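Q:
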């Protein structure tokens with residue numbers, strides 16, 4: 020036991036001042052990555068480690084995929100005031116919105132909007148899909164941080180690849196016009212979680228030319244989406 | 020491919036109407052638990068499966084610990100209007116507050132309160148610890164849903180076991196008086212995540228006589244805390 024540590028019942032509580040806890044956590048993560056023989060490219064290190072910090076799951080060191088230069092591109096986007104759109108209110112709660120606002124960006128989640136719920140019901144599609152259509156009408160670069168719904172990724176793919184050919188989205192309600200046929204997300208953080216279409220939706224995005232950070236496989240979540248956004252924000256703040 | 024499924028690029032997207040996606044996910048989880056030879060007691064099934072649904076991580080089937088009759092106790096507490104206090108705003112965002120309100124309960128997170136930040140700084144303890152002191156002053160049964168900070172669990176333990184003997188909490192600011200020396204949480208959902216004191220803090224609570232749902236080990240998170248609360252709410256709504 021170090022000085023300040025306390026023996027409580029049968030366990031030892033390590034005493035650390037609050038500001039040291041995160042630092043110590045990252046040291047442990049670094050040590051364990053070395054022990055496991057996992058090397059993370061320098062550029063990706065702070066993001067992958069923050070994801071592990073958020074999940075205590077070292078699987079992410081193997082499944083997180085970064086497109087060429089992704090971290091640099093994402094930093095530049097945020098620095099230049101890009102907005103973030105997420106598909107979950109939990110991720111919205113977790114993203115450091117004050118840090119984002121310093122660069123002129125705003126974070127949005129349209130999932131709880133009544134209008135979105137109504138449109139989704141009428142069309143028998145998910146609210147996440149309709150949310151993406153609403154987000155596509157934002158008149159500035161948008162970083163998509165998808166932590167829950169694979170249907171959000173599928174919708175993004177459809178809007179990029181088949182802008183008017185898709186029967187799943189007749190009557191685009193948010194005013195996308197012909198001149199927007201070349202609409203593309205500025206960046207996709209693709210970390211939905213689950214069992215239905217999650218892996219397939221991620222594979223779809225991996226084949227596009229959109230810069231991305233994607234967690235291959237079933238795992239992900241709103242906490243992972245927020246952790247990635249915050250890891251970027253902390254690096255540029 | 021079934022009718023409605025779509026071949027996009029090299030992957031197949033299974034078509035399901037929105038209301039079927041969750042149902043299908045739970046079927047897949049059930050099938051995989053059987054394949055893995057994991058049996059979950061009936062009472063715990065809907066909670067453990069929702070946690071796996073939220074994380075795509077089958078480890079939880081092995082590490083989630085329930086005290087005797089925990090699910091029944093938690094249901095009764097919520098039905099009788101207990102409040103929920105959580106240590107993360109992400110969990111607060113995720114908990115179905117409308118469903119909780121139908122029973123008279125309210126969900127709280129004090130982490131972003133300025134007063135909490137100030138007290139934590141003055142005393143060089145975490146905001147989570149001070150939040151627990153504030154929660155202990157709530158004049159009704161409280162379910163604690165801890166998804167982030169082990170220091171929240173340690174503080175709960177201290178308040179139960181050594182109400183006035185702990186130098187870490189001089190000057191309890193929220194008016195706990197002598198008649199409250201027998202203060203106890205009504206229930207602890209203990210799923211903090213991380214690397215410093217997380218396992219030890221959970222072991223502390225496992226030794227108390229407070230009813231609990233705890234995830235042994237390092238894993239957990241605000242998403243897990245919210246999933247457990249919602250799994251209970253969906254069963255009684």
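Protein chains in written order, with my numbering: chain X, 20 to 256; chain V, 20 to 256. Just so it is clear, CB atoms sit at the ideal spot from N, CA and C, and this is done for glycine as well. Remember, it's a predicted structure, so these values are computed and weren't measured experimentally.
By the three-class DSSP mapping on this structure, what secondary structure does residue 234/X have?
A: Three-state DSSP puts residue 234/X in a strand.
Q: Which of helix, strand or coil does DSSP assign to residue 253/V?
A: Helix, per DSSP.
Q: Distance check for residue 136/V and residue 221/V, CA to CA, integer angstroms please.
A: So the alpha carbons of these two residues sit roughly 24 Å apart.
Q: In chain order, what residues of the same chain have a beta carbon less than 7 Å from the beta carbon of residue 43/V, not counting five sequence neighbours either side?
A: Answer for residue 43/V: 35, listed in chain order.
Q: Given residue 113/V, which residues of its chain have a CB within under 6 Å of its CB, disregarding the five upstream and five downstream residues?
A: The residues are 245.
Q: My understanding is that residue 162/X touches residue 208/X, with C-beta atoms under 8 Å, so please give their C-beta distance in whole angstroms.
A: Right, their Cβ atoms sit about 7 Å apart.
Q: What are the start and end residues of the beta strand (DSSP E) that includes residue 35/V?
A: Here residue 35/V belongs to no beta strand (DSSP E), and DSSP marks it neither H nor E.
Q: Within 8 Å (strictly less), CB to CB, does residue 209/V reach chain X?
A: No, because no Cβ of chain X sits closer than 8 Å to the Cβ of residue 209/V.
Q: To the nearest angstrom, how far is it from the Cα of residue 13/V to the Cα of residue 103/V?
A: No statement about residue 13/V is possible, as the shown extent of chain V runs from 20 to 256 and does not include it.
Q: Assuming contact is defined by CB atoms lying nearer than 8 Å, are residue 255/X and residue 68/X in contact in what I supplied?
A: For residue 255/X and residue 68/X, no; Cβs fall outside 8 Å.
Q: Answer yes or no: do residue 109/V and residue 242/X have a C-beta to C-beta separation smaller than 8 Å?
A: Cβ distance < 8 Å, so residue 109/V and residue 242/X count as in contact.
Q: What in chain V is Cβ-close to residue 44/X, meaning under 8 Å?
A: Within chain V, the residues near residue 44/X are 213, 214, 215.
Q: Residues in its own chain within less than 8 Å of residue 197/X by CB, not counting five upstream and five downstream?
A: In this prediction, residue 197/X scores a pLDDT of 42, lower than 50, which makes its location untrustworthy; no coordinate-derived value is stated.
Q: Taking the alpha carbon of residue 40/X as the reference point, which residue from 45/V, 167/V, 225/V has its own alpha carbon closest?
A: Considering only alpha carbons, the answer is 167/V.
Q: Note down, in chain order, each residue of its chain lying with its Cβ closer than 7 Å to the Cβ of residue 120/X, except the 5 sequence neighbours on either side.
A: Correct list: empty, nothing qualifies.
Q: Taking just the CA atoms, how far does residue 115/V sit from residue 232/X?
A: Approximately 29 Å between the Cα atoms of the pair.
Q: Using a Cβ-Cβ cut-off of less than 9 Å, give me the residues of the segment 98 to 123 of chain V that come near chain X, in sequence order.
A: Those would be 107, 108, 109, 110, 111, 112, 113, in chain order.
Q: What does the alpha-carbon distance come out to for the pair residue 252/V and residue 117/V?
A: Their backbone Cα atoms lie some 10 Å apart in a straight line.
Q: Which partner residues of residue 31/X appear in the DSSP bridge assignment?
A: According to DSSP, residue 31/X bridges with 26/X.
Q: Just mark residue 237/X as buried or exposed, buried being the case when its beta carbon has 16 or more other beta carbons within 10 Å.
A: Buried, because 16 or more other Cβ atoms sit within 10 Å of the Cβ of residue 237/X.
Q: Compute the minimum distance between the beta carbon of residue 127/V and the heavy atoms of the ligand ZN, and state whether it is under 7 Å.
A: Annotation note on the ligand ZN: not contained in the displayed structure, which lists no ligands.
Q: Between residue 237/X and chain V, is there a C-beta pair that is closer than 8 Å?
A: So yes, residue 237/X belongs to the interface.
Q: Give me whichever residues DSSP pairs with residue 209/X in a beta bridge.
A: Residue 209/X pairs with 165/X, 233/X.
Q: Figure out for me which residue from 247/V, 225/V, 27/V, 55/V has the closest Cα to the Cα of residue 87/V.
A: Selected option, being the one with the closest Cα: 225/V.
Q: Alpha carbon to alpha carbon, what distance is there between residue 92/V and residue 84/X?
A: Rounded to whole angstroms, residue 84/X to residue 92/V spans 43 Å at the Cα level.
Q: In the DSSP assignment, the alpha helix (DSSP H) including residue 70/V goes from what residue to what residue?
A: That run of the alpha helix (DSSP H) goes 61 to 74.
Q: Within 8 Å of any Cβ in chain X, is that where the Cβ of residue 37/V sits?
A: Interface residue, yes.
Q: Suppose the cutoff is 6 Å on Cβ atoms and the five residues either side in sequence are ignored; what does the same chain contact list for residue 210/X look like?
A: Cβ neighbours of residue 210/X beyond the five flanking positions: 166, 234, 239, 243, 244.
Q: Can you find a C-beta in chain V that's less than 8 Å from the C-beta of residue 74/X?
A: Closer than 8 Å: yes.
Q: For residue 33/V, which residues of its own chain have a beta-carbon under 6 Å away from its beta-carbon, when the five flanking residues on both sides are left out?
A: Contacts found: 24.
Q: Along the segment 218 to 238 of chain V, what residues have a CB closer than 7 Å to any CB found in chain X?
A: So the close ones are 219, 222, 223, 226, 237, 238.
Q: Does any residue of chain V bring its CB to less than 8 Å from the CB of residue 49/X?
A: For residue 49/X, the answer is no, since every Cβ of chain V falls outside 8 Å of its Cβ.
Q: Can you tell me where the alpha helix (DSSP H) holding residue 156/X begins and where it ends?
A: No alpha helix (DSSP H) holds residue 156/X; DSSP gives it neither H nor E.
Q: Within the 8 Å Cβ cut-off, does residue 151/X reach chain V?
A: Not an interface residue.
Q: Quick one: is residue 31/V near chain X, going by C-beta distance under 8 Å?
A: Chain X contact via Cβ: present.
Q: Can you grab the Cα-Cα spacing for the pair residue 248/X / residue 201/V, in whole Å?
A: Spanning the two alpha carbons is a distance of roughly 43 Å.
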